[in-house]
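Visitor: Handing you a structure now.
There are 2 protein chains.
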Amino acid sequence: MADQKIYKPRPITGFPEWLPEVRRVEQQWMDHIRKIFESYGFCSIETPSVEEIDVLSAKGEVDKEIYVLERLHKDENEKSDARLALHFDQTVPLARYVAQHFNELDFPFKRYQMQRVWRGERPQAGRFREFYQCDIDVIGVDSVPIHFDGELAAIMVDILRGLNIGPFQMQISNRKILMGLCEGLGITDTLPVTRAIDKIEKIGVDGTRKLLVEANIPAQHIETLIKLATIKTENESFVEQVLALGVSSPTLAEGIAELASVMAQLTHIERGYVVADLSIVRGLDYYTGTVYETKLLENRDFGSICSGGRYDDLAGSYINKHLPGVGISIGLSRLFDYMRLNNKLGDLTRKSPTDILVCVPSDEKRVEAASIAKILRDRGLNVELYHSSQKIKKQMEYAVRKGIPFVWFPPFEDRNTHEVKNMVTGEQLPSDPHIWSK
Amino acid sequence: MADQKIYKPRPITGFPEWLPEVRRVEQQWMDHIRKIFESYGFCSIETPSVEEIDVLSAKGEVDKEIYVLERLHKDENEKSDARLALHFDQTVPLARYVAQHFNELDFPFKRYQMQRVWRGERPQAGRFREFYQCDIDVIGVDSVPIHFDGELAAIMVDILRGLNIGPFQMQISNRKILMGLCEGLGITDTLPVTRAIDKIEKIGVDGTRKLLVEANIPAQHIETLIKLATIKTENESFVEQVLALGVSSPTLAEGIAELASVMAQLTHIERGYVVADLSIVRGLDYYTGTVYETKLLENRDFGSICSGGRYDDLAGSYINKHLPGVGISIGLSRLFDYMRLNNKLGDLTRKSPTDILVCVPSDEKRVEAASIAKILRDRGLNVELYHSSQKIKKQMEYAVRKGIPFVWFPPFEDRNTHEVKNMVTGEQLPSDPHIWSK
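Have a look at this one:
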């Protein structure tokens, strides 16, 4: 060893890595998310970490920051195969998957996907280059019932409430409302309008008004647009408020009806978790109906932690079918890391999944201790057998260090009974392995 | 859509992707493996998908086939950051992790890791370029009790028995036995010997004898080596057989004692699952004590499905500490795909996790149907609410197609009771959502 050169490793910016006690909470988060997804009957899929660049660029030049793979030991005159790149989201892979396996899937195709995605950005503080994303989508052939737009919101509220992330609010709108209002007002160039409304939470009403003036929107229309964008109701009462604007169009009516139907479905959710918020636009293209954003109420500036919406055509680049859908996604690693940095992950004292440490009072007692461990394990508990027959004090210290909640003492010397110590309360009592269960 | 150019996606050789019903079984496998790992108190870690090339090459030139990452939109005059490559195993990442977080970890460090790894090979049939590997290791500072060598074998037998992969056998040896025998026989150039013995299962006793002759091993030593390599016992009786060879050396004695201790620990395992098999060498370097291989008895030629061993120094390239360990690993994707191709994955009719499909007999009944779904969901069941109020026959067909085991009919028309149909037996009976649980 003495003559070995040592390369001291450093963390790689943007590629998160957790200690065991943090990873344990991350697993709990992912288990919880998966459980709720599955409780609504959504199936899991996973796709390869890579896609062909030709797939990623089927819609045109890839403008995303992506990582391309190169074989380290590439032969000079090797016939080059298709170029592969790490996926930067789970939507392109889903589209490709649905197109490729179209005849083997059942529609509406209800799937969730929880994988790592990559962004080939320059390293910079606070920006992940590898992270987990949890997506859920419903894809239909030619149509998808509006009922799913409500269901996805309900699923995500269920999930977020279970994560103990503090107060949050999901804002739901429908792009047809703003588009329909423009239609009714006779505004044909809608891009600057959506762009201005999209920013209202950040730049305020005055900022948005200024942008609309710059876009040459007539003054009276600006006031109507601003009124629309400030409508925010916890139930379907947004409908009257929109109607009170005195504008009408077929698209507007459709949007109002769809959003009303979504809100009606969500009445079982406790007040405050979901609002109809007509300022929500969610980017400038792609989404065509329902749109979702979700904010932490204690830090709205953190941006949306769970977003998505309805789209008209998922996979037109890969298959000659009309496949509309609705989807919503949690940027898991970003949210998780935020909670970690704010000390909101809960109990970080447990450094292993162990429920009980079985002590080994002497080498002769190891077989007996092992058989107790096995009984407890068969009863569903996570059990460590101490790895040596060091002094009991040492074994207890190990349990304390790893945050193991119970320590088991097999009969030894002058004691005929099994005893168990609760490491939290300090209480130590006689016990029997056959009465324990998770 | 009509004018859109379509790029028809194809599977990428070596990057597996499963349909939902296959993925469901893969999830069951991974849940099972994790459960057993945790039941012995091992903690989970995950490392980034990438390591710096400098980390991978700390021990010298990287001879593995690896994928290096290149940013697609790299600026010409951009200052290049550290070059990153996808990890090709979980051992180098573990070594780097332990070195980097040494002061924050508890030793013996008992961790499991179930991630994807990549091999940057040329595409070729039957060779995975991306696959899941499930590793479990114990790392100690300066020493690791031999007790863990037995525990890891027991863990893997527990796991494999639960996967329904048919009969298998784990073969355990200790490299000190062969090394010690060479020591006792005065053979100093051990490399050709280990190479010849390593191949005995493939090329037979005669093939190995031929290789030993070519390596100029004296005839009487060849017979001793062959005798050693054919020792295979289900318990500690290998000890007498080795002693009967009449050779002795300190290393040999150590190896015998260690392997005997491991086998003694495994007596609670049913006969046949574990054997001491002195032909097992497991490659030519790295491992220094216990070695494991595991074969499917119905197809030994498939090679080892679960292998590992004890090593002297995990992380000497990254930290100035002596960190010996013992580890064992399942090449999950390879084994899973083999079972898939041999139709041994069990039930593939279920295309979703749904336990119960709740029918929606009419649009008016949707709210009532949704509240039944919620009750069942709160009771731990996975429940789909049918997405429209199509004819019940259509809804039933959907359940059949997706392999959903139960269909729920809310009260409707002339019926006042809830009824549930068992889709396997065909039986339909009145029921109450409040009596159901998983």
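Chains A and B supply the protein sequences, listed in that same order. For the first sequence, my numbering begins at 66 and goes up steadily by one. For the second sequence, my numbering begins at 66 and goes up steadily by one. From the three backbone atoms N, C-alpha and C, an ideal C-beta is built for every residue, glycine too. Quick caveat, the model's predicted, so the values are computed rather than measured.
Label proline 81 of chain B either buried or exposed according to how many other C-beta atoms from any shown protein chain fall within 10 Å of its C-beta, with 16 as the threshold for buried.
Guide: Stepping through the second sequence from its first residue, residue 81 of chain B is reached at position 16. With 16 or more other Cβ atoms within 10 Å, it is buried.
Visitor: Give the DSSP bridge partners of isoleucine 268 of chain A, in chain order.
Guide: Mapped onto the first sequence, residue 268 of chain A falls at position 203. Answer is none; isoleucine 268 of chain A lacks a bridge partner.
Visitor: Taking 8 Å as the threshold (beta carbon to beta carbon), is alanine 164 of chain A in contact with chain B?
Guide: Looking up residue 164 of chain A in the first sequence gives position 99. Yes, alanine 164 of chain A lies at the interface with chain B (some Cβ there is under 8 Å from its Cβ).
Visitor: Compare the beta carbon distance of lysine 129 of chain B and phenylalanine 107 of chain B with 8 Å and say whether it is the shorter of the two.
Guide: Your numbering for residue 129 of chain B matches position 64 in the second sequence. Your numbering for residue 107 of chain B matches position 42 in the second sequence. It is not a contact, given that the beta carbons lie outside the stated cut-off.
Visitor: Report yes if the CB atom of isoleucine 370 of chain A is closer than 8 Å to the CB atom of glycine 337 of chain A, and no otherwise.
Guide: Counted from its first residue, the first sequence places residue 370 of chain A at position 305. Counted from its first residue, the first sequence places residue 337 of chain A at position 272. No, the pair does not count as a contact, with Cβ atoms beyond the cut-off.
Visitor: Starting from histidine 483 of chain B, follow the beta strand (DSSP E) in both directions and report where the run begins and ends.
Guide: In the second sequence, residue 483 of chain B corresponds to position 418, counting from 1. It spans 483-487 - the beta strand (DSSP E) in which histidine 483 of chain B sits, taken as one unbroken run.
Visitor: Residues in the segment 306-332 of chain A with C-beta within 7 Å of chain B's C-beta atoms, listed in sequence order?
Guide: Flagged: no residues at all.
Visitor: Applying a beta-carbon distance threshold of less than 9 Å, which residues of chain B neighbour glutamine 460 of chain A?
Guide: For the purposes of this step, residue 460 of chain A is taken as the residue at position 395 of the first sequence. What glutamine 460 of chain A touches in chain B: nothing, since even the nearest Cβ is about 13 Å away.
Visitor: In angstroms, rounded to a whole number, what distance separates the CA positions of serine 314 of chain B and arginine 148 of chain A?
Guide: In the second sequence, residue 314 of chain B corresponds to position 249, counting from 1. In the first sequence, residue 148 of chain A corresponds to position 83, counting from 1. The alpha-carbon atoms of serine 314 of chain B and arginine 148 of chain A are separated by roughly 56 Å.
Visitor: Thinking C-beta only, is tryptophan 501 of chain B closer than 8 Å to arginine 444 of chain B?
Guide: Mapped onto the second sequence, residue 444 of chain B falls at position 379. Mapped onto the second sequence, residue 501 of chain B falls at position 436. Yes, these two residues count as a Cβ contact at 8 Å.
Visitor: By Cβ distance, which residues of its chain are closer than 7 Å to tyrosine 376 of chain A, with the 5 residues on each side in sequence left out?
Guide: Within the first sequence, residue 376 of chain A is the residue found at index 311, counting from 1. For tyrosine 376 of chain A, where only same-chain residues beyond five positions count, the Cβ hits under 7 Å are Tyr351, Tyr352, Thr353, Pro389 and Gly390.
Visitor: So with CB distances below 9 Å, who are the chain A contacts of histidine 138 of chain B?
Guide: As a first step, residue 138 of chain B must be located in the second sequence, where it is residue number 73. Those within 9 Å of histidine 138 of chain B in chain A are Val127, Asp128, Lys129, Glu130, Ile131 and Gly185.
Visitor: Taking Cβ positions only, does methionine 66 of chain B come closer than 8 Å to chain A?
Guide: Start at 1 with the first residue of the second sequence, and residue 66 of chain B comes out as number 1. In this prediction, methionine 66 of chain B has a pLDDT of 44, which is less than 50 and means its spatial position is unreliable; what the coordinates show is noted afterwards. Yes, methionine 66 of chain B counts as interfacial toward chain A.
Visitor: Rounded to whole angstroms, what is the Cα-Cα separation between arginine 176 of chain A and valine 203 of chain A?
Guide: Mapped onto the first sequence, residue 176 of chain A falls at position 111. Mapped onto the first sequence, residue 203 of chain A falls at position 138. Those two C-alpha atoms are separated by around 7 Å.
Visitor: My assumption, with CB atoms under 8 Å, is that alanine 150 of chain A sits in contact with valine 115 of chain A. Please give the rounded CB distance.
Guide: Looking up residue 150 of chain A in the first sequence gives position 85. Looking up residue 115 of chain A in the first sequence gives position 50. Going by Cβ atoms, the distance from alanine 150 of chain A to valine 115 of chain A rounds to 6 Å, so yes, they are a contact pair.
Visitor: Hey, is the segment 294-305 of chain B in contact with the segment 329-344 of chain B, meaning 3+ C-beta pairs nearer than 8 Å?
Guide: Yes, since at least three Cβ pairs between the segment 294-305 of chain B and the segment 329-344 of chain B fall closer than 8 Å, the two stretches touch.
Visitor: Which one of B:Ile230, B:Glu478 and B:Asn281 has the shortest CA to CA distance from methionine 404 of chain B?
Guide: By 1-based counting over the second sequence, the position of residue 404 of chain B is 339. With distances taken between Cα atoms, methionine 404 of chain B lies closest to B:Ile230.
Visitor: Per the contact definition of three or more C-beta pairs closer than 8 Å, is the segment 220-230 of chain B in contact with the segment 401-415 of chain B?
Guide: Yes, the segment 401-415 of chain B touches the segment 220-230 of chain B.
Visitor: If distances are taken between C-alpha atoms only, which option among A:Ile77, A:Gly468 and A:Val163 comes closest to threonine 414 of chain A?
Guide: Here residue 414 of chain A corresponds to residue number 349 of the first sequence, with the count starting at 1. For the residues A:Ile77, A:Gly468 and A:Val163, the minimum Cα distance to threonine 414 of chain A belongs to A:Gly468.
Visitor: Which residues bound the beta strand (DSSP E) around proline 495 of chain B?
Guide: Reading the second sequence from its first residue, position 430 is the one you call residue 495 of chain B. Residues 493-496.
Visitor: How about isoleucine 384 of chain A and isoleucine 334 of chain B: do their beta carbons lie closer than 8 Å?
Guide: Reading the first sequence from its first residue, position 319 is the one you call residue 384 of chain A. Reading the second sequence from its first residue, position 269 is the one you call residue 334 of chain B. No, these two residues do not count as a Cβ contact at 8 Å.
Visitor: If we define contact as Cβ-Cβ less than 8 Å, is asparagine 385 of chain B a contact residue for chain A?
Guide: Your numbering for residue 385 of chain B matches position 320 in the second sequence. Asparagine 385 of chain B counts as touching chain A.
Visitor: Looking at chain B, is there any beta carbon in it that lies within less than 8 Å of the beta carbon of leucine 149 of chain A?
Guide: Numbered from 1 along the first sequence, position 84 holds the residue referred to as residue 149 of chain A. Yes, because at least one Cβ of chain B sits closer than 8 Å to the Cβ of leucine 149 of chain A.
Visitor: Using a beta-carbon distance below 8 Å, is glutamate 195 of chain A in contact with chain B?
Guide: By 1-based counting over the first sequence, the position of residue 195 of chain A is 130. Chain B contact via Cβ: present.
Visitor: Can you tell me whether DSSP reads arginine 184 of chain A as helix, strand or coil?
Guide: One-based indexing of the first sequence puts residue 184 of chain A at position 119. DSSP places arginine 184 of chain A in coil when its eight states are reduced to three.
Visitor: Along chain B, in chain order, which residues have C-beta atoms closer than 8 Å to that of proline 113 of chain A?
Guide: Translated into positions along the first sequence, residue 113 of chain A becomes position 48. By Cβ distance, chain B contributes Ile77, Phe80, Pro81, Glu82 and Glu195.
Visitor: On the CB-based measure, 16 or more other CB atoms within 10 Å of its CB, does valine 432 of chain B come out buried or exposed?
Guide: Here residue 432 of chain B corresponds to residue number 367 of the second sequence, with the count starting at 1. When all chains shown are included, valine 432 of chain B counts as exposed.
Visitor: Given this structure, state the Cα-to-Cα distance separating leucine 250 of chain B from leucine 276 of chain B, to the nearest angstrom.
Guide: What you label residue 250 of chain B is simply residue 185 of the second sequence in a count that begins at 1. What you label residue 276 of chain B is simply residue 211 of the second sequence in a count that begins at 1. So the alpha carbons of these two residues sit roughly 18 Å apart.
Visitor: Check whether the Cβ atoms of histidine 166 of chain A and leucine 379 of chain B lie closer than 8 Å to each other.
Guide: Position 101 of the first sequence, counted from the first residue, corresponds to residue 166 of chain A. Position 314 of the second sequence, counted from the first residue, corresponds to residue 379 of chain B. In this structure, leucine 379 of chain B does not lie closer than 8 Å to histidine 166 of chain A by Cβ.
Visitor: Checking 8 Å against the spacing of the C-beta atoms, do isoleucine 421 of chain A and tryptophan 473 of chain A come in under that value?
Guide: Your numbering for residue 421 of chain A matches position 356 in the first sequence. Your numbering for residue 473 of chain A matches position 408 in the first sequence. Closer than 8 Å, so yes.
Visitor: Where DSSP assigns a beta bridge to cysteine 108 of chain B, which residues make up the other side?
Guide: Working through the second sequence from its first residue, we reach residue 108 of chain B at position 43. BP columns for cysteine 108 of chain B point to B:Arg176.
Visitor: Does the segment 314-334 of chain B come into contact with the segment 232-252 of chain B, if we say contact requires no fewer than three beta-carbon pairs (one atom in each stretch) closer than 8 Å?
Guide: Result yes; three or more Cβ-Cβ pairs closer than 8 Å.
Visitor: Please identify the residue among A:Val157, A:Tyr197 and A:Tyr105 whose C-alpha is closest to the C-alpha of arginine 399 of chain A.
Guide: The sequence position of residue 399 of chain A within the first sequence is 334, counting from 1. If we check each option's Cα against that of arginine 399 of chain A, A:Tyr197 comes out closest.
Visitor: Given this structure, state the Cα-to-Cα distance separating arginine 480 of chain B from threonine 490 of chain B, to the nearest angstrom.
Guide: Position 415 of the second sequence holds residue 480 of chain B. Position 425 of the second sequence holds residue 490 of chain B. Going by the C-alpha atoms only, they are around 22 Å apart.
Visitor: If you follow the beta strand (DSSP E) that arginine 192 of chain A is part of, which residue opens it and which one closes it?
Guide: Working through the first sequence from its first residue, we reach residue 192 of chain A at position 127. First-last for arginine 192 of chain A: undefined, no H or E at that position.
Visitor: Count the other CB atoms within 10 Å of the CB of threonine 156 of chain B; is the residue buried (16 or more) or exposed (fewer)?
Guide: Here residue 156 of chain B refers to the residue found at position 91 of the second sequence. Looking at its Cβ environment, which holds 16 or more other Cβ atoms inside 10 Å, threonine 156 of chain B is buried.
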